[in-house]
Structures are given as structure tokens and as C-alpha cells.
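J.:
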Amino acid sequence: MKPIFLFIFLCGLLKNATGQQPVYIFSFFKDNGQDGLHLAYSHDGYNWKELNNGHSLLQPTAGDDKLMRDPCIIRGADSLFHMVWTVSWKEKSIGYASSPDLIHWSAQREIPVMAQEAGALNCWAPEITYDARHKEYMIYWATTIPGRFTAGETTGDDKYNHRLYYVTTKDFQQFSPAKLLYDQGFNVIDATIVPDHGRYMMFLKDETKTPAQKNIRIAVSKSLTGGYSKPSAPITGAYWAEGPTTLRKGHKWIVYFDKYTQHSYGAVESTDLKTWKDVSGKLSMPAGLRHGTVVAVSAKEFDLLLKNIP
């Protein structure tokens with residue numbers, strides 16, 4: 195969720211500045227993430243075309259395994275694009291890089307967000323949300339620490355029993371200690387958090403395998419860094435779904451997700467965050483697209499992308 199950072203505000207700025215609607219960019223990975231960052235674009239949110247003829251735009255260099263899974267890109271308060279991603283199946287770190295244009299990227303860095311937890315098994319699916327009130331970013335992800343939580347220990351995949359953790363930063367140089375973000379007594383992963391009229395909407399995956407859930411739900415809080423509610427009923431159907439990311443178009447919410455056991459992508463949409471309609475049949479997605487996020491760019495920024503990336 196991968197999330198769209200201050201989506202309504204930014205889209206308004208983009209449209210007012212250019213007189214044109216923004217273009218949506220989907221960042222994603224393929225296969226195991228070994229070849230790095232892929233991008234696709236859409237004008238309507240349903241029909242997506244891959245850039246760079248399907249080739250990677252950024253080779254991964256961070257971490258021991260040098261993967262670039264689950265890339266999350268947001269536009270920061272500094273107008274830079276900030277990206278985090280999963281560097282490994284087993285490491286305690288995440289990857290980070292920034293870019294002014296989605297073409298030229300800073301040196302990739304490994305951020306050891308769970309280094310203080312000797313028993314931590316992983317750091318998966320990191321995302322970023324900006325806290326305008328405190329003028330800082332929150333980076334959050336899923337980690338399993340064996341024995342830390344009894345609920346869910348026998349209902350997940352193998353040894354994994356995830357909870358969500360976070361750090362905050364103002365500059366992506368100094369980071370707060372990692373803290374627990376979400377524990378409602380079940381195995382949870384793949385969160386993406388979107389500001390919405392003074393509250394925060396967390397779209398998350400219930401990772402429970404026995405009895406099978408593997409669906410997308412919503413939790414709500416008035417604070418970005420905690421106090422999230424128990425999860426809603428599933429907003430996805432009778433299939434396994436993961437990696438939610440959101441797009442806000444006027445009064446409509448679109449939530450995309452990876453139907454990973456079916457090797458396809460899905461989407462549901464709503465105008466009230468309560469009643470959801472499956473619109474998977476309207477989607478046209480690049481072959482092999484896996485878990486990622488959506489960010490809006492201006493028509494001018496998109497023209498620059500097309501000039502530099504076929």
C-alpha cells in the first residue's frame with residue numbers, strides 16, 4: 195500500500211497548477227523482486243500500462259539478499275518521492291531511496307529498523323505515511339518475533355505470526371526506536387494508511403490461515419501512530435488477497451490488491467467505506483505485476499517520465 199500521500203490535497207494542487215488531471219503511477223515488483231522497481235501508469239485508475247517496456251527501472255543494491263519487493267512510493271512534504279521496500283525474506287532491515295522525478299534515485303540505503311530485536315525474523319511490506327500535524331513521516335511494516343504474541347501462533351503460515359511496527363522520522367536520517375503499531379490478537383500484515391478528514395484509515399491483511407481469512411479489512415484511528423480499531427468485516431471476497439493500496443478519485447475509493455494464489459490483480463471500490471463493489475473485471479494490469487502502491491504525478495511530470503523512459 196502500499197498509500198497515496200495526502201492524495202486529495204496533492205491532486206488538487208496538480209490539477210490547479212496545470213489545468214489537467216493527474217496521472218497515476220503504480221510502483222510494483224515482479225517475480226521475487228530480484229530485478230528491482232517496475233512502474234506502470236494510468237489515466238483512469240483501471241487501465242494500466244507498464245513503462246520501460248517491462249524492464250526494471252532501478253536495480254536493488256540494499257540488504258544482503260538485494261531484493262526490491264513491495265515498493266511503496268509517496269510524495270513527501272519536500273516534494274521528493276520517497277520509497278521504501280522489502281530487501282529480504284529474513285533480514286531485520288528495509289530499503290530506502292528518494293528521487294525528484296522517479297527517474298534519478300539517491301543511493302539506496304538499508305535501514306535496520308528491527309536490529310534491536312534479537313529474535314525478529316523479518317521486516318516485510320514497509321510503507322510510509324506523512325503526519326502533517328507533527329511534520330514527520332511514519333514508516334511501518336510487519337515483523338514476526340517468535341513467542342512475543344500467543345494469539346495467532348498456530349493459525350498462520352509456518353512460524354510466522356506478524357504484528358505491525360513503526361518508526362518516525364523527519365529527515366530519513368534519524369529514526370525513532372521501533373514501536374508496536376497494531377495488535378488485535380491476530381496475524382496481520384500488509385498495512386497501508388491513508389489520511390481521511392481528521393482520521394486515518396488503515397487497510398490491512400488478515401493473515402490468518404487456519405481457519406483461512408487471507409483478506410483485506412479496515413481499521414480506523416484519530417492518531418497516525420496508534421489507537422486503531424478492531425478490524426472491519428472483509429472488504430474482499432472468497433479468494434486470498436494481499437498488498438492493498440488505495441486510490442481516491444473524488445468521492446470514490448479504489449482499493450487494489452494482489453490475488454496472489456490466482457496470479458491476478460483485483461480491486462474493490464466504495465463511496466462510503468462501508469459498501470464495497472468488486473471491480474476486478476474493469477482492470478487491465480501489466481503481466482506479472484505484484485504488490486505495490488499508487489502515487490499521483492502532474493501531466494508535466496508524466497511527460498518527463500515518457501521522454502526519459504519508453
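When the sequence shown is numbered by our numbering, its final residue is 504 and no position is left out of the sequence of numbers. For glycine and all other residues, C-beta sits at the position ideal for the given N, C-alpha and C.
Given a cut-off of 8 Å on the beta-carbon distance, is the pair V361 and E321 in contact?
T.: No; because the gap between Cβ atoms is not below 8 Å, this pair is not in contact.
J.: Enumerated in chain order, which unbroken segments of the beta strand (DSSP E) with a length of 3 residues or greater are wholly contained in the segment 424 to 472?
T.: List check, beta strand (DSSP E) in window: 436 to 443, 446 to 453 and 458 to 464.
J.: In angstroms with no decimal places, state the Cα-to-Cα distance between Y459 and V473.
T.: So the two alpha carbons sit approximately 11 Å from each other.
J.: Just how far apart, CA to CA, sit A372 and Y359?
T.: Taking the straight line joining both Cα atoms gives about 6 Å.
J.: Can you pull the DSSP bridge partners for P389?
T.: Bridge partners of P389: Y394.
J.: For H232, which beta-bridge partners are listed by DSSP?
T.: Per DSSP, F222.
J.: Evaluate contact between the segment 296 to 304 and the segment 315 to 331, counting only Cβ atoms and requiring at least three cross-stretch pairs below 8 Å.
T.: Touching, no, given that fewer than three Cβ pairs across the two stretches are closer than 8 Å.
J.: Spatial neighbours of D218 within its chain, please: CB distance less than 7 Å, with the 5 preceding and 5 following residues excluded, ordered by chain position.
T.: Note that residue 218 corresponds to Tyr in the displayed sequence, not to Asp. Same-chain partners within the cutoff: Y235, S236, G239, L441, V488 and A490.
J.: Quick check on DSSP: helix, strand or coil for E330?
T.: The answer is strand: DSSP assigns E330 an E or B state.
J.: Would the segment 445 to 452 count as touching the segment 419 to 427 if we require 3 or more Cβ pairs under 8 Å?
T.: No, the segment 445 to 452 does not touch the segment 419 to 427.
J.: From I268, L233 and W242, pick the residue whose C-alpha is nearest to that of Q253; which is it?
T.: Closest option to Q253, Cα to Cα, is L233.
J.: Should L500 be labelled buried (16 or more other beta-carbon atoms within 10 Å of its own) or exposed?
T.: Exposed is the call here.
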